[in-house]
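Student: Handing you a structure now.
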Amino acid sequence: QKEVEQNSGPLSVPEGAIASLNCTYSDRVSQSFFWYRQYSGKSPELIMSIYSNGDKEDGRFTAQLNKASQYVSLLIRDSQPSDSATYLCAVNRYGYGGSQGNLIFGKGTKLSVKP
Amino acid sequence: NAGVTQTPKFQVLKTGQSMTLQCAQDMNHNSMYWYRQDPGMGLRLIYYSASEGTTDKGEVPNGYNVSRLNKREFSLRLESAAPSQTSVYFCASSDDRADEQFFGPGTRLTVL
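Chains as they are written, first to last, in the working numbering: chain A, 42 to 156; chain B, 4 to 115.
Okay, structure coming up:
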């Protein structure tokens, strides 16, 4: 049973547009949510963490969490070609400071930003 | 501050050979992890260590062993490599106070 679902893409947006990446998760008790960016041939890089319902903004990135709908999203404003990468959604079943080894990753959405 | 480091970066093995992948972190994190990443499968947890002296199996532990040598170092051993173990291996670490995980650069392993 898949636990973290993402559209594999590719999602193609023009430079300067808003890119919207979505993720759903199946375990209702999940408490911690993360977005990682992975460039081709590189390792995942943590870009956002969110723990409570609502929006969290960091520069051009906004993470949105809706626990009732079991949905987390990442918005990238003013998208740049350098944002072209695969974005991984990750969910910790047991929450903040919870049991280690329980970070479940989605398979990622490939984003392409066209100049 | 190097973060999480891994050696080697690339390795080619023949079926049946053994090798150890090394991982070290300088962030004073208690928890360390080994993942493998395969096309279409995403990141899958092999083993993790919540603290020095403890290790636990993840989703795909078969064919692997681990050692938490000290707080900084966590190694992954393939005793008898198989072609199915061809993958990219990532080590990660996290602070217990927040469950954010930070990844090393990875090891690309090919088993012929």
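Note that CB positions come from ideal geometry on N, CA and C, so glycine has one too.
Applying the 10 Å Cβ sphere with the 16-neighbour rule, what's the burial state of Leu-116 of chain B?
Tutor: Residue 116 of chain B is absent from the structure shown; chain B starts at 4 and stops at 115.
Student: When the Cα of Ser-110 of chain A is compared with those of A:Ser-49, A:Val-54, A:Ile-59, A:Asp-68, which residue comes out closest?
Tutor: Taking only the C-alpha atoms, the option nearest Ser-110 of chain A is A:Asp-68.
Student: Quick one, which of B:Asn-65, B:Ser-52, B:Ser-97 has its alpha-carbon nearest Ala-84 of chain B's?
Tutor: Closest by alpha carbon: B:Asn-65.
Student: From the DSSP output, in three-state form, read off Gln-88 of chain B for me.
Tutor: Note: Gln-88 of chain B maps to helix in three-state DSSP.
Student: Tell me Val-45 of chain A's beta-bridge partners as DSSP assigns them.
Tutor: For Val-45 of chain A, which the question treats as bridged, DSSP gives the partners A:Tyr-66.
Student: Specify the secondary structure class of Ile-123 of chain A as computed by DSSP and reduced to three states.
Tutor: It is Ser, not Ile, that sits at residue 123 of chain A in the sequence shown. If DSSP states are grouped into helix, strand and coil, Ser-123 of chain A belongs with the helices.
Student: Is there at least one Cβ from chain B nearer than 7 Å to Leu-152 of chain A's Cβ?
Tutor: No, no contact with chain B.
Student: By Cβ distance, which residues of its chain are closer than 8 Å to Gly-12 of chain B, with the 5 residues on each side in sequence left out?
Tutor: In the sequence as presented, Gly is not what sits at residue 12 of chain B; that position holds Lys. Only Pro-108, Gly-109, Thr-110, Arg-111 meet the Cβ criterion.
Student: Check whether the Cβ of Pro-64 of chain B lies closer than 7 Å to any Cβ atom in chain A.
Tutor: Output row for Pro-64 of chain B: interface = no.
Student: Taking its Cβ as the centre, do 16 or more other Cβ atoms sit within 10 Å of Arg-80 of chain B, making it buried, or is it exposed?
Tutor: With fewer than 16 other Cβ atoms within 10 Å, it is exposed.
Student: Given this structure, state the Cα-to-Cα distance separating Met-89 of chain A from Arg-101 of chain A, to the nearest angstrom.
Tutor: So the alpha carbons of these two residues sit roughly 11 Å apart.
Student: Just curious, the beta strand (DSSP E) that Asn-107 of chain A is in, first and last residue?
Tutor: 102-107 is the span of the beta strand (DSSP E), which, as asked, contains Asn-107 of chain A.
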